[in-house]
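Before any comments, here is the structure.
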Amino acid sequence: MRSNLFVILFALFALQGCATQPLRGTGDLGVVVERDSGKLQIVDTTARTILGEISGLGDLSHATVVFSRDQRYAYVFGRDGGLTKVDILRRRIVKRVLQSGNSIGGAISQDGRLIAAANYTPGGVKFFRSDTLAQVADIPAIGADGKRSKVVGLVSAPGDRFVFSLYNAGEIWTADMKAPAHPVIHKFTGVGKEPYDGIITPDGRYYLAGLFGEDGMALLDLWHLPNGVKRILNGYGKGSRRLPVYKMPHLEGWGFYKHYAFVPAVGHHEVLVIDTDTWRQAGVIPTYGQPVFVVGQPYSRHIWVDFAFPDNGAIQVIDAPTRRVIRTLKPGKGVLFLEFTPRGENVWVSARDSNKLVVYDTATFRRVTELPSHKPSGIFFTPRAYKLGW
Amino acid sequence: MPPKKITTGLMVLMLSATLPLAHGAPAQIITSPPPARRAVLIDMVREDCGSCHGSRLTGGLGPALTPQALKGKNPISLKDTILFGRPNTPMPPWNPFMSNAEAAWIVNRLMKGFPHAQ
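Structure, rendered in structure tokens:
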């Protein structure tokens, strides 16, 4: 009898040991895409460590990630059309669907209920319930030319809307998804040649698409849809030769300072300054290479820039008020991505060809730590859950 | 007979024009770059070309570069596309970063199934 009690007690302790994980939040966690091995690293931005790894996510070249509004789940969009829901706390895949043949990214709705995936093949946007990943809607991107187009620059917008661009057709569409079974779509045709990415301004009012096929951008005022799409920055590169572009710039996470936006110039070693009151060019900042990401450091006057091949071994820091480059840092080879901690005291940088992540103190520009990572590309921290657009 | 090392693009072009056709496409003499350089080229294709064509080369904003997708295409024009880019598309010229012979080797390997990084 007595020995039985010991056995039971022992079994109870053993069980508890297995089941109990220390309680913790997810607000200081994030994921890093290891694109060649189809893995995600789970990282802790407080301890600045790698907590673990999740594998089996398929082709993660150009993968992007959005977060559930409780910051527990990451939705990973892979190149192979895979959409994977990952539990960051338990570090495992909850659900995975192959939703297309070739995907470029996605977004989560304002209310967090819908996941939208932008696809190249077949060109269009598909919508899924964020809890079950059951598909609820499919919008094929058939342009005015009657052909299917690759979709780029998908963002979530206020009012459970999504906005995206048709790369081949040169169009911008908005989809109101309040009733997912009956999307209300507005199409804007002839916006310019080869929109390559899009962004929504932090006030949720404007959608901008960068144009690769011509110098300029397409601007849509989401408060006044009937006004249509306006062309801005026409011919900004005029007079200077456009260089070959070895990596498409991104528009996500522009730098903003006062009413100025800082954006990558296509085919030039420059960051453009745009006055968002007039949507005219207000300045040009010469940089080390062709910018890919131009990202504002939270609660700071600084804007950080990384560059396209072959200048992808450096990042630069721009002082927004004086519009001058104040620092050039060399984190490693093949720098792909920058992600700030939510209040901006650190920035994490992925150096793909050096197989590492470099964490900087943004006040001193000193390296705080380096962490091993196999061919890292995107770095995504959970506070993205509260930013509209992604 | 070991393959002769071709050093100039002109020679490769001249040879390809004169050699008999194999499988309906002009033949080229392909030399494999030394191992260290080969590794650099493999990385460049998978990572940098991969940013538009996908690191598995299954396509993205740019078209797929798998053996299936390239089947029946002219290797010389593929090589020229790599070296000089393609006007009115985002494809840039890669000739600042590789030689003619290296581009020919890349095309040859793409058409057979491109190797993975070591």
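If you read the sequences in order, they're chains L and C.
Numbering follows the working numbering, in which position 31 of the first sequence is assigned residue number 1233; successive positions increment by one, without gaps.
Numbering follows the working numbering, in which position 83 of the second sequence is assigned residue number 69; successive positions increment by one, without gaps.
A virtual CB, placed ideally from N, CA and C, is assigned to each residue, including glycine.
All values derive from a computational prediction rather than experimental measurement.
Check	Outcome
Return the chain-ordered ranges of every alpha helix (DSSP H) run that is complete within the segment 1429 to 1461 of chain L and spans a minimum of 4 residues.	none
Could you give the DSSP three-state label for N86 (chain C): helix, strand or coil?	helix
What residue does the alpha helix (DSSP H) around G36 (chain C) start on, and which one ends it?	36 to 39
Counting only Cβ pairs nearer than 8 Å, list the residues of chain C close to N1304 (chain L).	G40, T44, G45, G46
Taking only runs that begin and end inside the segment 1217 to 1246 of chain L, name each unbroken beta strand (DSSP E) of 3 or more residues, in chain order.	1231 to 1236, 1241 to 1246
I'd like to know if the segment 1328 to 1335 of chain L and the segment 1274 to 1288 of chain L are in contact, where contact means that at least 3 CB-CB pairs between them fall below 8 Å.	yes
Thinking C-alpha only, which one of C:W80, C:S85, C:A103 is nearest I16 (chain C)?	C:S85
Assuming contact is defined by CB atoms lying nearer than 8 Å, are F1539 (chain L) and G1580 (chain L) in contact in what I supplied?	yes
Per DSSP, which one or two residues make a beta bridge with Y1562 (chain L)?	L:V1549, L:R1569
Please classify S1239 (chain L) as buried or exposed, where buried requires at least 16 other C-beta atoms within 10 Å of its C-beta.	exposed
Measure the alpha-carbon distance for T1376 (chain L) versus A1510 (chain L) and round it to whole angstroms.	30 Å
Counting only beta-carbon atoms, is W1592 (chain L) nearer than 8 Å to chain C?	no
Between F83 (chain C) and chain A, is any beta-carbon pair separated by less than 8 Å?	Here chain A cannot be found, since the structure's protein chains are L and C.
Look at the alpha carbon of I68 (chain C) and the alpha carbon of A1309 (chain L), and state the distance between them as a whole number of angstroms.	34 Å
Distance check for E1416 (chain L) and D1347 (chain L), CA to CA, integer angstroms please.	19 Å
Rounding to the nearest angstrom, what Cα-Cα distance links G1227 (chain L) and V1235 (chain L) in this structure?	21 Å
Can you grab the Cα-Cα spacing for the pair L7 (chain C) / V1494 (chain L), in whole Å?	Because the pLDDT of L7 (chain C) is 44, which lies under 50, any placement of that residue in the model is unreliable, and the question is left without a value.
If the criterion is Cβ atoms closer than 8 Å, does the pair I1181 (chain L) and V1465 (chain L) meet it?	No answer is possible for residue 1181 (chain L): the residues shown for chain L start at 1203 and end at 1592.
Along chain L, in chain order, which residues have C-beta atoms closer than 9 Å to that of P79 (chain C)?	P1446
Looking only at its chain, what residues have a beta carbon closer than 7 Å to the beta carbon of A1553 (chain L), apart from the 5 residues adjacent to it on each side?	P1533, G1534, K1535, G1536, V1537, V1560
Nearest to S1358 (chain L) by alpha carbon, out of L:G1314, L:I1341, L:E1255?	L:G1314
Are L1531 (chain L) and P1360 (chain L) touching if we call contact CB-CB under 8 Å?	no
So with CB distances below 7 Å, who are the chain C contacts of G1536 (chain L)?	E33
In its own chain, which residues sit with a C-beta less than 8 Å from the C-beta of H39 (chain C), not counting the 5 before and 5 after it?	G45, G46, G48, P49, A50, L51
Just mark P1385 (chain L) as buried or exposed, buried being the case when its beta carbon has 16 or more other beta carbons within 10 Å.	buried
Less than 8 Å between CB atoms is the rule here; does G99 (chain C) satisfy it with respect to chain L?	no
Would you identify the three-state DSSP class for N94 (chain C), choosing helix, strand or coil?	helix
Looking at the structure shown, is K1352 (chain L) part of a helix, part of a strand, or coil, going by DSSP?	coil
Spatial neighbours of H9 (chain C) within its chain, please: CB distance less than 8 Å, with the 5 preceding and 5 following residues excluded, ordered by chain position.	Per-residue confidence for H9 (chain C) stands at a pLDDT of 49, beneath the threshold of 50, marking its modelled position as unreliable; the derived number appears in the next sentence. For H9 (chain C), where only same-chain residues beyond five positions count, there are no Cβ hits under 8 Å.
With a threshold of 8 Å between beta-carbons, can S63 (chain C) be considered close to chain L, or not?	no
In chain C, which residues lie with their C-beta within 8 Å of the C-beta of M1173 (chain L)?	As shown, chain L starts at 1203 and ends at 1592. That puts residue 1173 (chain L) outside it, with no answer to give.
Would F1511 (chain L) count as contacting chain C if we go by Cβ distances under 8 Å?	yes
Give me the Cα-Cα distance between D1246 (chain L) and M1419 (chain L), rounded to the nearest whole angstrom.	37 Å
I'd like to know whether the C-beta atoms of Q1483 (chain L) and V1447 (chain L) end up nearer to each other than 8 Å.	no
Along chain L, which residues have their Cβ under 9 Å away from the Cβ of G71 (chain C)?	P1446
Exposed or buried, Y1160 (chain L), counting other C-beta atoms within 10 Å across all chains shown (16 or more means buried)?	This structure does not reach residue 1160 (chain L), given that chain L is present from 1203 up to 1592, and the question cannot be answered.
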